[in-house]
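Colleague: Input: one structure, supplied below.
Number of protein chains: 2
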Amino acid sequence: MSTINYSLSGMRDFNFLEVRKRNYIINIVTKLFELYGFSPLETPSMEKRNVLLGKYGDEGDKLIYQLLKSGDFLSKIKDLETKDYKEVSNLISDKALRYDLTIPFARYVVQNSQDITFPFKRYQIQKVWRADRPQKGRYREFTQCDVDVIGSSSLWSECDLINIFSDFFKNLGLTDITLKINNRKILEGIFDLLDIKSDFTTFCISLDKIEKSGKEYFYNFLDQQNCSKNQSELVTQLFELNLSNLEKLEYIESNFNNEKVKNGVVDLLFILDKIKSYQMDIKVDFSLARGIDYYTGSIFEVICNNNSIGSLGGGGRYDGLTKIFGKDLGSGVGISFGLERICVLLDELNLFPESVNKSLDVLFVNLGKKEANVSQEFVTILRKNGISSELYPDSVKLKKQMSYSNKKNIKYTAIIGEDELNSGKINLRNMKTGDQDLLGINELIQKIKNG
Amino acid sequence: MSTINYSLSGMRDFNFLEVRKRNYIINIVTKLFELYGFSPLETPSMEKRNVLLGKYGDEGDKLIYQLLKSGDFLSKIKDLETKDYKEVSNLISDKALRYDLTIPFARYVVQNSQDITFPFKRYQIQKVWRADRPQKGRYREFTQCDVDVIGSSSLWSECDLINIFSDFFKNLGLTDITLKINNRKILEGIFDLLDIKSDFTTFCISLDKIEKSGKEYFYNFLDQQNCSKNQSELVTQLFELNLSNLEKLEYIESNFNNEKVKNGVVDLLFILDKIKSYQMDIKVDFSLARGIDYYTGSIFEVICNNNSIGSLGGGGRYDGLTKIFGKDLGSGVGISFGLERICVLLDELNLFPESVNKSLDVLFVNLGKKEANVSQEFVTILRKNGISSELYPDSVKLKKQMSYSNKKNIKYTAIIGEDELNSGKINLRNMKTGDQDLLGINELIQKIKNG
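Residue numbers (this note's numbering), protein chains in the order written: chain A, 96 to 546; chain B, 96 to 546.
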């Protein structure tokens, strides 16, 4: 066998079982999106280079896959040797692969704003590419799944999105799910009250580190920012409140007297009131910040309790996302699903239904010309009845054909030999139990349809 | 509005209707593949550059999108100014985007041959990219849909693939479809009998031009190749035989005495015998060659009669495809579907079902806080019953909400006003007919479920 390695680091082939597992999840989430009134959108894999570059910070830019211009990309470049690689890439590349679904979505909405009916509710399930260092569970090509409402500031949208999360995990059979919820207005209010040097983004990034590094990490951050001990303690206490959601909101309102905090609390109260009936555990968590993202209101994150796999999804409300493309189309809110992680989790918990591993219903073995002719006629009848079926294409040793049937996890093997040619019946073997039956074609169809 | 053009030439956004139309076709073809015992495969969008380059001829190579290496791609390159763009691209790019699904499939099969059960039956529906000149119906990003059996030389596979074509077009409601069939062995036999200079590939390319340029084109080609007038006439006559399929096969066998021709005729006879019951018109066409493709046996092409859109699909049998990756895994046969053209054709012929344009079942208008609360409870109940539904998120003017409902082609609008709050009923308006009903929630569910 060839020993050349043809695989690209961080890229995956998906065999039939992996495709089916992924499609199982995608089908469930797609049906929910449609049920909730969202419609699909697909954008091209590539965007103009300048649509993507500069939108994800310096670190993000480094991870964007850029495409070489076609033809002689060097022909118009002068003094090549005096330029650094960034200048050169700007000259020899004019397209790049999608890094996420948000920027293409914003670009699409601005470009088509005159034809779109707002509030615009879209979902988008497509691949994205990042030239990141591959590691366990992190790939260079992966699928994102986003759903957004843009053009309305109504908190009813938040409620719908949370309900989608809840329905989704319920439909997958995933229990023990917690949705953490917070509001950027509350974080902004706290930030305003603190007399610290750092900017709001740094503040949010530090907050996000509490989960991994403990609340001491954040306390130290405040300390380094010359925050008073009193203030630091007051803020850090927010992350260890052993209170109900409503008590937490009362607590923060009375301890942080600020208009922004109040507005955030009002938002959270509305949402908690409307979704009170839901099974998924909802937990107000003032340490949730969602780092560098562009959120301005509600923020959410979903985790599986007692599992270290990390966030299974998240999202939040943003204002003015489309301004980067020259037009403000109003407030929006969206969530995304961590399909890759959800797939790993369902595998670990053995929650994929058996049907994902379902192969053919019936294989007809091939015992020679006459037998194959008759078998193929039965195959055709089965297919017309919606039963998946095939004739083994070659008349080789029965052992080889049975081995094919076993390896492919085929449920029934049908044998047409000389006896069956004469009787017009089919010898049907259940490959799991070993049971054999001699059946007419209609009996066979009934047997399979009855499971 | 911003006047910047963010669109990439040859690339398309698909709005909800376009996505649904494409998915309608993809669902039909996927179900058929499964019914016929094929399983899905997905490969990464990128391959190593040297997996793709050199596999599609010089013209193909030019159309392959190459990806710039990450980081400082210039750092290790010396004497940059002395190199031409092809040398440079080899140094600064190590990955490229998939050009078709065949080469990645061959690469996958060779890499995984020890885990694959042969004959291996896979289908693959993924995007491919070509830096081609965009024109009507030709895009730089488009979806290919391939289905192949590899590891068997049985002609039963050809029969299955032809039947898939037939079922597919029938399921779409496309009539007036012709499958042209030929065999490369016949063409090779004719080529061997002719005393001409050109190679077999050039011969095939010239044959393919008959459809566009007339049989004179091919006659002239033979003439330029110093083919005798007698021979040229004998061959060209093959393309105007007004005979049945079987008569055509008898004719060619008796006029072209050659082992390869005979073998090709035997193959065709087998296939024609097995698929005789089929609705799609099957036509033996000795001018069908399928140009530069790697076929060695049966070849097919599907067209819609009386429509100039061109080939809707095609394929054939190939030997030794996987040898390019160092391992011969046997004969294979496959077909592909021209999804983009089929989509255009269904649009032209108005054959998409109304359901692709289906939007929400029920929109609840938002007349204020109390009304919204009650409406959202109904929305939740409808969703639990599988009826897609939403509450308009903002309590804005009714006219605006009705306009939203109209523009989005929503079937029913539900109104909860003061009267309805008191009565517990829902005022349901059919947006097409204008009919209004006052219904309880269960009556409403029944009404919608009954259509």
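For each residue, glycine too, the CB sits at the ideal point set by N, CA and C. Because the structure is a prediction, the values reported are computed rather than measured.
(1) Kindly indicate which residue of B:SER308, B:THR238, B:LEU446 and B:GLU154 has the alpha-carbon position closest to the one of ILE121 of chain B.
(2) Any beta carbon of chain B sitting closer than 9 Å to that of THR52 of chain A?
(3) Could you check if GLY433 of chain B is buried or exposed, using at least 16 other CB atoms within 10 Å of its CB as the buried criterion?
(4) At what residue ranges does the segment 341-416 of chain A contain a whole run of the alpha helix (DSSP H), taking only runs of 4 or more?
(5) Roughly how many angstroms separate the alpha carbons of PRO199 of chain B and VAL146 of chain B, rounded to a whole number?
(6) Just the chain A side, please: which residues come within less than 9 Å of SER252 of chain B by C-beta, in chain order?
(7) Would you mind stating whether LEU584 of chain B and LEU341 of chain B have Cβ atoms separated by less than 9 Å?
(8) Under a three-way DSSP split, which group does ALA550 of chain A fall into?
(9) Can you check whether the C-beta of SER170 of chain B is within less than 9 Å of a C-beta belonging to chain A?
(10) Which of helix, strand or coil does DSSP assign to SER97 of chain B?
(11) Flag this pair as yes or no: are the beta carbons of ASP167 of chain A and LYS275 of chain A separated by less than 9 Å?
(12) Can we say the segment 497-510 of chain A touches the segment 450-462 of chain A, given the rule of at least three CB pairs closer than 8 Å?
(13) On the criterion of 16 or more Cβ atoms from any shown chain inside 10 Å, does MET96 of chain A qualify as buried, or is it exposed?
(14) Give the range of the beta strand (DSSP E) segment to which VAL242 of chain B is assigned.
(15) For GLN221 of chain A, which of A:THR331, A:ILE476 and A:THR138 has the nearest alpha-carbon?
(16) Leaving out five residues before and five after ASN353 of chain B in sequence, what residues of the same chain have Cβ atoms less than 7 Å from its Cβ?
(17) What three-state label does DSSP hand VAL115 of chain B in the structure shown?
(18) Please say whether TYR218 of chain A and ASP241 of chain A have beta carbons closer to each other than 9 Å?
(19) By DSSP's criteria, GLN161 of chain A is part of a beta bridge. Which residues make up the other side?
(20) For the beta strand (DSSP E) containing ALA95 of chain B, name the first residue and the last one.
(21) Identify, in the order they occur along the chain, each residue of the same chain with its Cβ nearer than 7 Å to the Cβ of VAL124 of chain A, setting aside the five sequence neighbours on each side.
(22) For SER484 of chain B, list the residues DSSP reports as bridge partners.
(23) Pairing CB atoms from the segment 459-478 of chain B with CB atoms from the segment 486-495 of chain B, are three or more of them under 8 Å?
(24) Give the range of the beta strand (DSSP E) segment to which GLY284 of chain A is assigned.
(25) With DSSP run on the structure shown, which of helix, strand or coil describes LEU507 of chain B?
(26) To the nearest angstrom, how far is it from the Cα of GLY421 of chain A to the Cα of LYS126 of chain A?
(27) Check whether the Cβ atoms of VAL360 of chain A and MET375 of chain A sit closer than 9 Å, and answer yes or no.
(28) By the three-class DSSP mapping on this structure, what secondary structure does TYR151 of chain B have?
(29) Looking at chain A, is there any beta carbon in it that lies within less than 9 Å of the beta carbon of ILE482 of chain B?
(30) Tell me, please, whether the CB atom of GLY427 of chain B is closer than 9 Å to any CB atom in chain A?
(31) Can you list, in chain order, the residues of its chain whose CB lies under 7 Å from that of THR331 of chain B, leaving out five sequence neighbours each side?
(32) So which of A:ILE437, A:LEU416 and A:ILE281 has the shortest CA-CA distance to CYS399 of chain A?
(33) PHE111 of chain B versus chain A: which residues are under 7 Å apart at the beta carbon?
(34) Starting from LEU336 of chain B, trace the alpha helix (DSSP H) both ways and give me its first and last residue.
(35) Within 9 Å (strictly less), CB to CB, does ASP255 of chain B reach chain A?
Modeller: Reading it off the structure:
(1) The alpha carbon of ILE121 of chain B has as its nearest neighbour, out of B:SER308, B:THR238, B:LEU446 and B:GLU154, the alpha carbon of B:THR238.
(2) As shown, chain A starts at 96 and ends at 546. That puts residue 52 of chain A outside it, with no answer to give.
(3) Buried, since its Cβ has 16 or more Cβ neighbours within 10 Å.
(4) Within the segment 341-416 of chain A, the runs of alpha helix (DSSP H) that reach at least 4 residues and sit entirely inside it are, in chain order, 354-369.
(5) A direct Cα-to-Cα measurement between PRO199 of chain B and VAL146 of chain B gives close to 8 Å.
(6) Neighbours of SER252 of chain B on chain A, chain order: PRO488.
(7) In the structure displayed, chain B extends from 96 to 546; residue 584 of chain B sits before or after that span and is not available.
(8) Summary: the structure shown does not reach residue 550 of chain A, with chain A confined to residues 96 through 546, and so no result is reported for it.
(9) Closer than 9 Å: yes.
(10) With a pLDDT of 45 at SER97 of chain B, under the threshold of 50, the modelled position of that residue is not reliable, and the figure given next carries that caveat. Three-state DSSP puts SER97 of chain B in coil, outside helix and strand.
(11) Going by beta carbons, ASP167 of chain A and LYS275 of chain A fall outside the 9 Å limit.
(12) Taking 8 Å as the limit for Cβ pairs, the verdict is that the segment 450-462 of chain A does touch the segment 497-510 of chain A.
(13) A caution first: MET96 of chain A carries a pLDDT of 43, below 50, which makes its placement in the model unreliable, though a value can still be read off. Its Cβ having fewer than 16 others within 10 Å, MET96 of chain A is exposed.
(14) 236-245 is the extent of the beta strand (DSSP E) around VAL242 of chain B.
(15) That would be A:THR138, whose Cα lies nearest to the Cα of GLN221 of chain A.
(16) The beta carbon of ASN353 of chain B sits closer than 7 Å to the beta carbons of GLY284, ASP287 and LEU288 from its chain, once the five residues preceding and following it are set aside; these are given in chain order.
(17) Note on residue identity: the sequence assigns Arg, not Val, to residue 115 of chain B. Helix.
(18) Yes, Cβ-Cβ distance for ASP241 of chain A and TYR218 of chain A is below 9 Å.
(19) Looking at the DSSP assignment, GLN161 of chain A forms a beta bridge with A:ALA191.
(20) With chain B covering 96 to 546 only, the question about residue 95 of chain B has no answer from this structure.
(21) Non-local beta-carbon contacts of VAL124 of chain A in its own chain, meaning distances under 7 Å to residues more than five positions away in sequence, involve CYS240, PHE263 and PHE432 in chain order.
(22) B:VAL457.
(23) Contact holds: three or more Cβ-Cβ distances are below 8 Å.
(24) Looking at the DSSP string, GLY284 of chain A is not in any beta strand (DSSP E); the run it does join, the alpha helix (DSSP H), is 279-288.
(25) Note that residue 507 of chain B corresponds to Tyr in the displayed sequence, not to Leu. Reduced to three states, the DSSP call for TYR507 of chain B is strand.
(26) In a straight line, the C-alpha of GLY421 of chain A is about 34 Å away from that of LYS126 of chain A.
(27) Contact: no.
(28) The three-state secondary structure of TYR151 of chain B, taken from DSSP, is coil.
(29) Interface residue, yes.
(30) Cβ-Cβ to chain A under 9 Å: no for GLY427 of chain B.
(31) Once the five neighbours on either side are set aside, the close Cβ partners of THR331 of chain B are LYS310, PHE313 and TYR314.
(32) Per the Cα distances, A:ILE437.
(33) The CB of PHE111 of chain B comes closer than 7 Å to the CB of SER134, PRO135 and LEU136 in chain A, given here in chain order.
(34) Note, LEU336 of chain B: premise wrong, no alpha helix (DSSP H); not H, not E.
(35) It does: the Cβ of ASP255 of chain B has a partner Cβ on chain A nearer than 9 Å.
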